[in-house]
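**Student:**
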Amino acid sequence: MISSRERVLNYAILTIFAALALLPLIGVVASALTPAAESGPSFTWPHHLDVGNFGTAWRQGHFATYLTSSLLVAVSVVVLTAVLAILAGFSFAHFDYPGRSLLFYVTLIGLMVPPEAFVIPLYFNLRDTGLTDSYWSLILPQTAQSLAFGVFWMRNFFRSVPVSVIEAARLDGASDWRLLWRILVPTSRPALLTMAMLVFMWTWNEFLLPLVMITDESKRTAPLGLAFFQSEHTTQYSVLAAASIIVALPVVASYVFLQRHFISGMLSGAVKG
Numbered sequence: 001m002i003s004s005r006e007r008v009l010n011y012a013i014l015t016i017f018a019a020l021a022l023l024p025l026i027g028v029v030a031s032a033l034t035p036a037a038e039s040g041p042s043f044t045w046p047h048h049l050d051v052g053n054f055g056t057a058w059r060q061g062h063f064a065t066y067l068t069s070s071l072l073v074a075v076s077v078v079v080l081t082a083v084l085a086i087l088a089g090f091s092f093a094h095f096d097y098p099g100r101s102l103l104f105y106v107t108l109i110g111l112m113v114p115p116e117a118f119v120i121p122l123y124f125n126l127r128d129t130g131l132t133d134s135y136w137s138l139i140l141p142q143t144a145q146s147l148a149f150g151v152f153w154m155r156n157f158f159r160s161v162p163v164s165v166i167e168a169a170r171l172d173g174a175s176d177w178r179l180l181w182r183i184l185v186p187t188s189r190p191a192l193l194t195m196a197m198l199v200f201m202w203t204w205n206e207f208l209l210p211l212v213m214i215t216d217e218s219k220r221t222a223p224l225g226l227a228f229f230q231s232e233h234t235t236q237y238s239v240l241a242a243a244s245i246i247v248a249l250p251v252v253a254s255y256v257f258l259q260r261h262f263i264s265g266m267l268s269g270a271v272k273g
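The opening residue of the sequence shown carries number 1 in the UniProt record's numbering; numbering runs sequentially from there.
Set out below in C-alpha cells:
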C-alpha cells in the first residue's frame, strides 16, 4: 500500500519530468508565434502573437505537397504492414509446420538491421528496376522495415488469445480464414491500432530513405521538405519553428486521437513471448 507521502513524492517527480519534457515544446510554439522582427535563436516570449508565420511557412515551403506525399506513403505502409503482419502473425501463432520457429527468428532479424546498412545497395537495386524517384521506392522498403515488428507484435497478441475461444470457434465449424478475420482481428483492435500508430510515426519521420531515393521535389516527404526549407531560411527562426510544428502536427494529432487505444495496446499487446 502506497502511503500519502510516497504518492505525493511520485507525483512531484513525474511533474518535474513532465515540465522538462514540455519546456522545449513550449519554446518551439512560442517561437512560432513570435513576430519575425522579434525572433531570434534564443528563447524569447513574444510581446504579441503572430499566427502569420504558419501561413508564410505553408506557402513558401510547399508543405501541402510534402504533407500529401508523406500521408500517401505512411498510410500505404501502415495498410500493407497491418495486412501482412496479421497473416504472418496468425501463421506463426497457430499453425504448426517445419521450420516455423526458425523462420520467425529470421524475420526478427529485421529489427536489428539499421537502414544505414542497406540503403546504398537498396538504391542500386531499385534503380535497376526503375523504382527510384517514385513512391514505391519509399513504400516497399519501409513496409519491409516495419514488418518484423508487426509480425512480432501480432504473433504475441494472437498467442495471448484464450485457447477456449479458438476451440469454440472451431467446434462451430469456423475455418481458419473466418477465425482470423471474424474473431481474432476484431478482438485485436487495441494491439492493431497501437502497431499502426507506431508504424505511422516511424514512416512519417523517416528521413534517410527519401533523401536517397527521391529527387523529384513533388515527391518529397514532409521531413525531407523541412530540411530543404531549413537550409533556405536559416535565420528566419519563427518561420522555421512554424514549419516544424506543421510537419509534426499530424503525428501528434493521431496520437491524441488514438491515445486510449494506444495505451491499452501497449499494456496488452506483448504479454506473451
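Even for Gly, the Cβ is constructed at its ideal location relative to N, Cα and C.
None of the values given here were measured: they were computed from a predicted structure.
(1) Measure from the alpha carbon of residue 155 to the alpha carbon of each residue in 22, 131 and 180, then state which is nearest.
(2) Mapping DSSP to helix, strand and coil, what is residue 238?
(3) Measure how close the beta-carbons of residue 147 and residue 203 come, nearest whole angstrom, since I'm counting them as under 8 Å.
(4) Pick helix, strand or coil for residue 37, following the three-state DSSP scheme.
(5) So, using beta-carbon positions, are residue 248 and residue 31 closer together than 8 Å?
(6) Any chance you could list the alpha helix (DSSP H) runs of at least 4 consecutive residues sitting entirely within the region 8-83, in chain order?
(7) Three Cβ pairs or more, each shorter than 8 Å: is that satisfied between the region 12-26 and the region 211-222?
(8) Using DSSP with H/G/I as helix, E/B as strand and the rest coil, what is residue 146?
(9) Are the CB atoms of residue 115 and residue 209 nearer to each other than 8 Å?
(10) Is it true that the CB of residue 85 sits closer than 8 Å to the CB of residue 153?
(11) With a threshold of 6 Å on Cβ separation, who are the neighbours of residue 89 within its own chain once the five nearest residues in sequence on each side are excluded?
(12) With DSSP collapsed to three states, give me the class of residue 105.
(13) Measure the C-alpha to C-alpha separation of residue 173 and residue 188 and round it to an integer number of angstroms.
(14) Using the Cα positions of residue 138 and residue 122, report the straight-line distance between them to the nearest angstrom.
(15) Within 10 Å of its beta-carbon, does residue 130 have 16 or more other beta-carbons around it, so buried, or fewer, so exposed?
(16) Just to confirm my understanding: we take residue 34, look at its own chain, exclude 5 residues before and 5 after, and list those with CB closer than 6 Å. What are they?
(17) Distance check for residue 71 and residue 225, CA to CA, integer angstroms please.
(18) Excluding the 5 residues preceding and the 5 following residue 39 in the sequence, name in chain order all residues of the same chain whose CB lies nearer than 6 Å to its CB.
(19) Report, in whole angstroms, the separation of the C-beta atoms of residue 199 and residue 75, which I expect to be a contact under 8 Å.
(20) Take residue 258 as the anchor and find which of 212, 244 and 191 has the nearest alpha-carbon.
**Tutor:** For this structure:
(1) In the sequence shown, counting from the first residue as 1, residue 155 sits at position 155. The shortest Cα separation from residue 155 among 22, 131 and 180 belongs to 180.
(2) Along the sequence shown, one-based indexing puts residue 238 at 238. If DSSP states are grouped into helix, strand and coil, residue 238 belongs with the helices.
(3) Working through the sequence shown from its first residue, we reach residue 147 at position 147. Working through the sequence shown from its first residue, we reach residue 203 at position 203. Rounded, the Cβ-Cβ distance is 12 Å, inconsistent with contact.
(4) For the purposes of this step, residue 37 is taken as the residue at position 37 of the sequence shown. Of the three classes helix, strand and coil, the one that applies to residue 37 here is coil, per DSSP.
(5) On the sequence shown, residue 248 is found 248 positions in, with the first residue counted as 1. On the sequence shown, residue 31 is found 31 positions in, with the first residue counted as 1. No, they are not a contact pair.
(6) 52-61
(7) no
(8) Looking up residue 146 in the sequence shown gives position 146. Residue 146: helix per DSSP, three-state reduction.
(9) As a working mapping, residue 115 is identified with position 115 in the sequence shown. As a working mapping, residue 209 is identified with position 209 in the sequence shown. In contact: residue 115 and residue 209 (Cβ atoms closer than 8 Å).
(10) Residue 153 sits at position 153 when you count from the first residue of the sequence shown. Residue 85 sits at position 85 when you count from the first residue of the sequence shown. Yes.
(11) Here residue 89 refers to the residue found at position 89 of the sequence shown. Cβ neighbours of residue 89 beyond the five flanking positions: 151, 154, 155 and 158.
(12) Here residue 105 refers to the residue found at position 105 of the sequence shown. Here residue 105 sits in helix by DSSP.
(13) For the purposes of this step, residue 173 is identified with residue 173 of the sequence shown, where counting begins at 1. For the purposes of this step, residue 188 is identified with residue 188 of the sequence shown, where counting begins at 1. In a straight line, the C-alpha of residue 173 is about 21 Å away from that of residue 188.
(14) As a working mapping, residue 138 is identified with position 138 in the sequence shown. As a working mapping, residue 122 is identified with position 122 in the sequence shown. Looking at the two C-alpha atoms, the distance is approximately 11 Å.
(15) Looking up residue 130 in the sequence shown gives position 130. Looking at its Cβ environment, which holds fewer than 16 other Cβ atoms inside 10 Å, residue 130 is exposed.
(16) Counted from its first residue, the sequence shown places residue 34 at position 34. 46 and 238.
(17) For the purposes of this step, residue 225 is taken as residue 225 along the sequence shown, with counting starting at 1. For the purposes of this step, residue 71 is taken as residue 71 along the sequence shown, with counting starting at 1. Distance between the alpha carbons of residue 225 and residue 71: 13 Å.
(18) As a working mapping, residue 39 is identified with position 39 in the sequence shown. Cβ within range, chain order: 237 and 238.
(19) In the sequence shown, residue 199 corresponds to position 199, counting from 1. In the sequence shown, residue 75 corresponds to position 75, counting from 1. In fact, because the Cβ distance is near 10 Å, the residues do not count as touching under 8 Å.
(20) Counting from 1 along the sequence shown, the entry for residue 258 is found at position 258. Comparing Cα-Cα distances from residue 258 to each of 212, 244 and 191, the minimum goes to 191.
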